[in-house]
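*Asks:* My structure is below; once you've seen it, I'll send some questions.
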Amino acid sequence: MSGAAAFSMLREMRADGLNVLLAARRSTKSFAATSLQVGELDRLLSAVFGVAPDGRRSYGSAHARYPVTATVVVGDVRGLASGSYRITGSGGLQEPEYGDQRELIAQSTIDAHWAASCPALLVLSANVGAERAEFASQAEGRGERFIAIEVGLIAQTVHLVAAGLDLGTVLIAGVQDEAARRLPESIVPPGDELLAVMPLGRATRDSTAASG
Ligand SMILES: Cc1cc2nc3c(=O)[nH]c(=O)nc-3n(C[C@H](O)[C@H](O)[C@H](O)COP(=O)(O)O)c2cc1C
């Protein structure tokens, strides 16, 4: 096979792989009562949030500011103590605040109280005021819009990587602002607002997406 033919085959295989993930993507709102493995969580977080040596990331950010903070709240991950872990720039985990805080987060959503029993919850937050100020010269509300777009990029990437690992997730953006403001700093850093929660775990076999 010529080099050009091999390259073209490789390109088709990659496109096929993406199509398989896109076809598999769906929202999971019913999770099996089985633990996640620390290796699964690590693969997912490093694929989504890791930064390559040349600076490339899996998603873009206006002015390359990357304002979205990611925190993973662990409750049932084999090999990892329950706690709230901030995700570092390389997709690794910082020292946690120990303790199971899933219930607090679940109660900060409008219709996803069931999330309290998912093995782990990925929490996305950002300092909305700082982004509003950064992009004020473009238009009023532009910073908020850019954050929402970035959360969408992150969420779809989480969905696709989770699909590749045979894990389930869903973007929960319906949050109760008042309850969210009371979340501890270990979950939402000072100055940040809770934007979304993405439960991570294994879908039950008959799980289907409900509206929400
Ligand atoms: C911006 C956004 C916000 C969402 N917020 C919630 C939510 O608060 N609660 C919920 O149960 N599902 C939420 N979802 C998931 C939707 O219910 C789900 O995407 C929709 O039913 C379509 O199903 P699918 O993702 O499997 O295609 C949200 C999805 C998006 C894109």
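So the sequence shown is numbered by the working numbering: it starts at 2 and just counts up by one.
Every residue, glycine too, gets a C-beta built ideally from N, C-alpha and C.
Quantities reported herein were computed from a predicted structural model and do not represent experimental measurements.
Tell me which residues share the same chain as MET14 and place their Cβ nearer than 7 Å to its Cβ, disregarding the 5 neighbours each side in the sequence.
*Replies:* Here residue 14 refers to the residue found at position 13 when the sequence shown is read from its first residue. Once the five neighbours on either side are set aside, MET14 has no close Cβ partner at all.
*Asks:* Curious, which full-length alpha helix (DSSP H) runs of at least 4 residues does the segment 91-169 contain?
*Replies:* 103-107, 129-135, 143-165
*Asks:* Checking the sheet assignment: what are the DSSP bridge partners for VAL78?
*Replies:* Within the sequence shown, numbered from 1, the residue matching residue 78 stands at position 77. Answer is LEU37, LEU81.
*Asks:* Which residue wins for smallest C-alpha separation from THR35, given the options VAL78, LEU105, GLN102, VAL74?
*Replies:* To locate residue 35, count along the sequence shown from 1; it is residue 34. THR35 has its Cα closest to that of VAL78, out of VAL78, LEU105, GLN102, VAL74.
*Asks:* By alpha-carbon positions, which one of THR205, LEU11, LEU201, VAL69 ends up nearest to GLY76?
*Replies:* Translated into the one-based positions of the sequence shown, residue 76 becomes position 75. Measuring from the Cα of GLY76, the nearest candidate turns out to be LEU201.
*Asks:* Just checking, does the segment 60-77 make contact with the segment 154-169 on the three C-beta pairs under 8 Å criterion?
*Replies:* Verdict: yes, contact present.
*Asks:* Taking 8 Å as the cut-off, is the CB of ALA197 close to at least one heavy atom of ligand 1?
*Replies:* Taking the sequence shown and counting its residues from 1, the one referred to as residue 197 is at position 196. At least one heavy atom of ligand 1 is nearer than 8 Å to the Cβ of ALA197, so yes.
*Asks:* For ligand 2, is there a heavy atom less than 8 Å away from the beta-carbon of GLY92?
*Replies:* Of the ligands this structure carries, namely ligand 1, none is ligand 2.
*Asks:* Hey, out of ALA204, VAL162, GLU194, whose CA is closest to ALA71's CA?
*Replies:* Within the sequence shown, residue 71 is the residue found at index 70, counting from 1. Selected option, being the one with the closest Cα: GLU194.
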